[in-house]
Each structure stands twice: as structure tokens, then as C-alpha cells.
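For what it's worth, my numbering labels the leading residue of the sequence shown as 305, then goes sequentially.
No residue lacks a Cβ here, since even glycine has one placed at the ideal position from N, Cα and C.
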Amino acid sequence: MFSFCSNLKPSGPCMEGKRRIVALWLPHWPIERLGRDLERQARPLRVPEKPRVLARPGPGGMRITARNRLAQAAGIHPGQLVSDATALCPGLELHAADSEGDRKGLDRLASWCGRYTPWTTADPDGIGEEPDGILLDITGCDHLFGGEMALIAELRRRLQGFGLTARAAVSSTTGAAWALARFGERPLLVLPAGEEADALRSLPVAALRLDDAAVNGLIRLGLKKAGDLYGKPRAPITARFGPGVARRLDEALGFEPEPISPDLPHVPYRASLAFSEGLTRSAHIEEALKRIAADLCEVLERERQGARRLELQLFRVDGEVTRMQAGTGIASHDASHLSRLFREKLAQIGDDFDTGFGIEAITLACLAVDPLRPEQETLDNERTRAQDLEQFVDRLSNRLGAGRVMRLEPRASHIPERAVAAVPALRGITPAMRGWTAHAKEHMASVLGGSLPRPLRLLSSPEPVDVIAEVPEGPPRVFRWRRIAHQIARAEGPERIAPEWWREGKHRTRDYYRVEDVEGRRFWLYRDGLYHRDNEGPRWYLHGVFE
305 MFSFCSNLKP SGPCMEGKRR IVALWLPHWP IERLGRDLER QARPLRVPEK
355 PRVLARPGPG GMRITARNRL AQAAGIHPGQ LVSDATALCP GLELHAADSE
405 GDRKGLDRLA SWCGRYTPWT TADPDGIGEE PDGILLDITG CDHLFGGEMA
455 LIAELRRRLQ GFGLTARAAV SSTTGAAWAL ARFGERPLLV LPAGEEADAL
505 RSLPVAALRL DDAAVNGLIR LGLKKAGDLY GKPRAPITAR FGPGVARRLD
555 EALGFEPEPI SPDLPHVPYR ASLAFSEGLT RSAHIEEALK RIAADLCEVL
605 ERERQGARRL ELQLFRVDGE VTRMQAGTGI ASHDASHLSR LFREKLAQIG
655 DDFDTGFGIE AITLACLAVD PLRPEQETLD NERTRAQDLE QFVDRLSNRL
705 GAGRVMRLEP RASHIPERAV AAVPALRGIT PAMRGWTAHA KEHMASVLGG
755 SLPRPLRLLS SPEPVDVIAE VPEGPPRVFR WRRIAHQIAR AEGPERIAPE
805 WWREGKHRTR DYYRVEDVEG RRFWLYRDGL YHRDNEGPRW YLHGVFE
């Protein structure tokens with residue numbers, strides 16, 4: 305078992321120096337992916353091997369796009385009509401080509417390659433119409449696997465265990481690695497930095513990732529090898545074939561940068577664990593989760609950072625990756641709390657969690673962090689109680705869903721229904737809301753402001769009431785709400801709130817009163833409109849109830 309914890313920035317590799325790129329080529333990806341899917345569906349039974357092909361509509365009818373080795377031995381080749389292929393091999397197994405499934409499967413395989421380096425992506429340039437490779441930026445990562453050759457040998461061995469044919473090459477440029485993986489003499493090759501020009505010299509011009517039209521045009525001119533382009537004037541070639549030829553040559557030789565840009569979120573901190581044998585028991589996975597959380601939190605504490613959003617990746621032995629995300633309301637570097645969030649997610653899945661043949665590696669990444677602020681300990685353990693409440697909210701939000709646990713957040717408005725907004729609790733605690741404890745009621749009253757205390761409990765929308773007042777703009781004496789009359793013993797107010805002039809719509813000035821009836825119940829009423837200003841007469845509404 306080994307572990308590493310590193311600071312990774314999304315703008316480049318994890319260490320300075322020459323970039324090292326792995327180009328992985330899967331020459332029979334579509335047909336071998338189909339074979340893997342058929343075996344997975346038939347488990348625990350084994351699928352008998354037979355001549356198998358993929359086909360899609362083409363000129364003259366359905367044409368073969370891929371075939372396995374048994375179909376190849378029967379004389380079937382890509383581009384052949386299905387009718388001709390079945391005549392050669394009556395027992396041929398025919399399947400429809402699935403380009404979208406091939407792309408998604410390649411993306412999943414590229415994600416699994418993240419156990420070697422986080423900078424992985426499906427190669428957009430394949431031989432033919434479909435992608436058939438993966439690119440990995442292993443700069444600074446190869447020493448974890450015993451060197452570059454050991455890394456690609458291990459990668460190829462694992463892919464062969466998945467039933468996939470693979471070739472791989474390592475170079476300082478993406479273009480050179482791509483060319484050597486597909487056109488090199490050896491299935492595994494590590495090219496030292498600075499030798500790109502010599503390695504590409506004898507390869508065909510198709511190794512420069514050019515389209516068929518450019519390749520055929522260059523061959524007609526006698527430029528059959530990549531080395532034939534060295535030193536040639538660029539203006540005539542660019543005028544005839546466009547700038548793509550010169551750009552691809554410069555990328556392969558390292559004169560023009562070509563970054564690998566996987567579709568990954570910003571990951572400021574990451575920790576990983578790998579295992580010599582796959583983990584299949586939940587107890588072992590949870591123990592590994594505790595250790596990796598401790599490794600990550602050790603770095604966070606040293607950097608005075610706290611995790612806000614995390615992602616757990618479980619790499620299965622069979623090449624699948626399971627992802628889970630969790631969040632916190634405030635920044636945290638508490639390893640036991642962070643690991644518990646994911647343990648509860650695993651417990652929720654229960655027997656539905658499929659470990660396949662075992663979990664061989666796990667990665668815990670911080671997708672969002674906040675700086676930690678020093679806090680003073682108090683004698684009454686108020687900080688501990690607040691921390692317990694925040695952790696409880698985190699667990700509840702991750703268990704029920706981030707959008708189902710809400711909290712109130714103050715807004716810059718005097719209008720009561722606009723003074724607060726319900727937001728997901730995991731969005732974070734603002735400075736005004738920090739310290740939500742047993743004094744929540746008084747704190748909310750101070751946040752909301754106003755000359756009179758306001759009730760914490762507001763109706764979902766103000767309800768109309770019938771009011772009797774001694775004078776037109778005086779406080780109410782009797783009001784009827786929901787068919788029940790309330791005799792008012794005491795009244796306090798008014799608190800006048802004018803409408804926000806920048807908002808569209810018809811709004812009127814409100815006069816709010818705190819009233820108490822003869823039975824001791826307290827209500828919050830307001831008169832909507834003024835007698836001397838509005839054309840329509842004012843109306844009374846009940847907006848809240850005091851506890």
C-alpha cells in the first residue's frame with residue numbers, strides 16, 4: 305500500500321520541468337468494448353467466443369466497421385458489405401455500431417486512468433472517425449510507479465486484463481507520443497526528451513495527425529515521411545494545405561505548446577491511497593476512508609484551509625470508477641467529520657453498492673476550500689455547541705439532499721417577506737449568521753432591524769383581516785381572522801415601511817402594529833396604504849404570529 309498527498313493546481317502539472325505525456329492507443333476499442341459489455345451482462349456465465357462484427361449503414365448497404373480476431377481470420381475486413389461477410393462466415397454474430405457508447409466508455413476508461421494521474425482525457429484524435437485513445441500527463445507522477453516504463457507497462461497489463469489491446473508511448477510532446485503509440489515499432493516506448501525529431505523522421509506523414517486529404521496530397525508531392533517536411537519552405541505547403549500541416553509538425557516537435565485540458569473541476573488539494581489487493585468489505589473501505597481523510601486534513605490544517613466541497617473516487621479492479629460528493633456549511637478540516645459524511649453515503653447505498661472485484665485505489669479531493677479563521681474558546685462551550693450543530697446540518701444535508709435542508713439568510717430589504725431568503729444550508733454561513741446558537745431569535749431580530757421586534761414566524765403570504773379602529777389611521781381595536789374575532793388589549797406601533805421605489809409593480813406604504821388580544825395571543829398586523837395618499841382605501845393584513 306502507498307499513499308501520497310499533494311497540492312495540485314488546475315493550471316498545469318504538479319511539478320516543474322519538462323512535461324511528459326503518455327499516449328495510449330486502443331486499436332480494437334469498439335469491438336473489444338462490446339465484448340466486455342457482453343461478458344458483464346452474462347456474468348457469472350462465460351460468453352463463448354465466436355466471429356463478431358460491428359456494422360453501420362454505408363454506401364450500398366450495411367458495412368463492417370470493426371471485427372474481432374476470429375472474424376478477421378475468416379477473411380472479414382472493415383468496409384466490407386455485411387452480405388459478403390455473412391457469405392464468408394455463416395455463423396457471424398452481427399451488432400450495430402454504437403459511436404455514442406464507444407465515446408462514453410472511453411471517457412469512463414480515461415476517468416479510471418486517473419489513478420495514475422489526475423490529468424487524463426480521451427484522445428480527440430483517432431485513426432478513422434472514432435476516438436480510440438487516451439492521453440495522460442504524468443509529469444512528476446512516474447516515480448510513484450517505479451518510473452515511466454514501469455508505469456506504462458503496468459497500465460498496459462491492467463488493460464489487457466480488461467480484455468483490451470493497448471499500445472503506449474511516452475514523450476515530451478503529445479504529438480510525438482501519439483505518433484509513436486500508433487506507428488512505432490514497439491508496443492511500449494519511452495522517448496527521452498529532445499529526441500522527438502529523430503524519432504518522427506522515419507514515420508509516415510499520417511503520424512502527424514493530419515486528415516486524409518492532407519495526407520494524400522503530401523504523398524502525391526513525394527512527401528511520404530514526416531522527416532520529408534523538415535526544412536521545407538512552409539509558405540507553399542500552407543498555401544496548398546492550410547496551416548494545419550505546419551501546426552501539427554510544430555506541436556509534435558515541441559515548438560508549439562499543446563496542453564492537455566481534461567474537463568475537471570478546480571482541485572486545490574487531493575489525497576490518494578492504493579492497495580495491493582482489492583477491498584471488497586465495507587468495513588475495510590471505511591477504514592481506508594478514515595486514513596485518507598486524515599492525510600488530507602493534515603495538509604489542510606498545515607495550510608490553514610478548510611474543505612467546503614469534496615469528491616470521493618473509488619477505483620474498481622475492473623476499470624469502473626464510483627464517484628460521491630459531499631459538502632459542508634462552513635470550512636472544516638475535521639477528518640472524523642469529513643469521513644463520516646461519506647460513510648453515511650455508503651451506508652445509504654447498502655447492498656446496492658457494487659465493489660465489483662474490489663476497490664484497488666481511492667482518491668479524496670477538495671473541490672472547494674475556504675481559509676480557516678482563528679476562533680476564541682469560550683468558557684460556556686458555546687463554540688463547541690455551534691460546531692456540533694453545523695456538523696449535524698452537514699450530515700442531514702448530505703443524507704437528504706443539499707436542496708432539502710434550508711436556512712434563512714438575511715437580505716438588504718426592509719420589506720419583511722424580502723428581508724430573508726431560504727437558501728441551501730451547505731451554501732455557507734455568512735458572517736452575520738455565524739454563531740447561530742440558543743440566541744437565534746434575538747440574533748435574527750437584530751439582523752432584520754426595524755424599530756419594533758418582529759416575529760420569527762411569518763405566514764407564507766399575508767392574509768386579509770377585517771379591522772375596527774377608533775380613528776382611521778389609528779391602531780386596531782378588534783380584528784377578525786379566519787372567522788374568529790380578537791379583542792385587542794394592547795397595541796404598539798406603527799412602524800412605517802415605504803415600498804422600494806426601484807421595484808416594478810404596484811406597492812403601497814405599510815404601517816405595522818404589534819398587538820395582543822385579551823387572551824394573551826400576539827399578532828403582527830399591517831395596514832396596506834394611506835388614507836390621504838392612495839385612491840383605493842387601505843386594507844388590513846395579518847403577516848405574522850409571535851410565539
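Measuring CB to CB, does residue 449 end up less than 8 Å from residue 622? no
What are the partner residues of residue 780, as DSSP defines its beta bridges? 773
Where residue 593 falls, given that 16 or more other Cβ within 10 Å makes a residue buried: buried
What does the alpha-carbon distance come out to for the pair residue 343 and residue 335? 13 Å
Would the segment 625-639 count as touching the segment 573-584 if we require 3 or more Cβ pairs under 8 Å? no
Let's see if you can read the secondary structure: which residues bound the beta strand (DSSP E) around residue 798? 788-801
Which residue marks the beginning of the alpha helix (DSSP H) containing residue 487, and which one marks its end? 478-487
Going by beta-carbon coordinates alone, are residue 437 and residue 507 separated by less than 8 Å? no
Cutting at 8 Å between CB atoms, please list the residues of its own chain near residue 376, excluding the five before and the five after it. none
Taking its Cβ as the centre, do 16 or more other Cβ atoms sit within 10 Å of residue 345, making it buried, or is it exposed? exposed
Secondary structure at residue 747, three-state DSSP: helix, strand or coil? Low confidence applies to residue 747: its pLDDT is 42, below 50, so where it sits in the model is not reliable enough to give any reading.
Using a Cβ-Cβ distance cut-off of 8 Å, determine whether residue 612 contacts chain D. The structure shown contains no chain D; it is built from a single protein chain.
Looking at residue 589 and residue 663, is the spacing between their C-beta atoms short of 8 Å? yes
Would you check if there are 3 or more beta carbon pairs closer than 8 Å linking the segment 612-632 to the segment 658-677? yes
Since residue 785 sits in a beta bridge, which residues does DSSP pair it with? 788
Can you give me the C-alpha to C-alpha distance between residue 697 and residue 422, rounded to a whole angstrom? 31 Å
Assuming residue 399 contacts residue 338 (C-beta within less than 8 Å), just tell me the rounded distance between them. 6 Å
Please classify residue 254: does DSSP put it in a helix, a strand, or coil? This structure cannot settle anything about residue 254, because the visible part of the chain is limited to 305 through 851.
Just grab the DSSP bridge partners of residue 609 for me. 675
Would you kindly check if the distance between the Cβ of residue 818 and the Cβ of residue 828 is under 8 Å? yes
8 Å contact criterion, which residue 630 and residue 645 should meet: CB distance rounded: 4 Å
For the structure I just gave you, are there three or more beta carbon pairs, one from the segment 475-485 and one from the segment 450-465, closer than 8 Å? no
Identity of the residue in 796, 632, 833 and 543 nearest residue 820 by Cα: 796
Residues of its chain near residue 811, where Cβ-Cβ distance is below 7 Å and the 5 sequence neighbours each way are ignored: 803
Inter-stretch contact (C-beta, 8 Å, three-pair minimum) for the segment 351-361 and the segment 495-512: no
Assigned secondary structure, residue 828 (DSSP; H/G/I helix, E/B strand, else coil): strand
Could you check whether the segment 548-558 touches the segment 506-520, counting it as contact only if at least three pairs of C-beta atoms, one from each stretch, sit closer than 8 Å? yes
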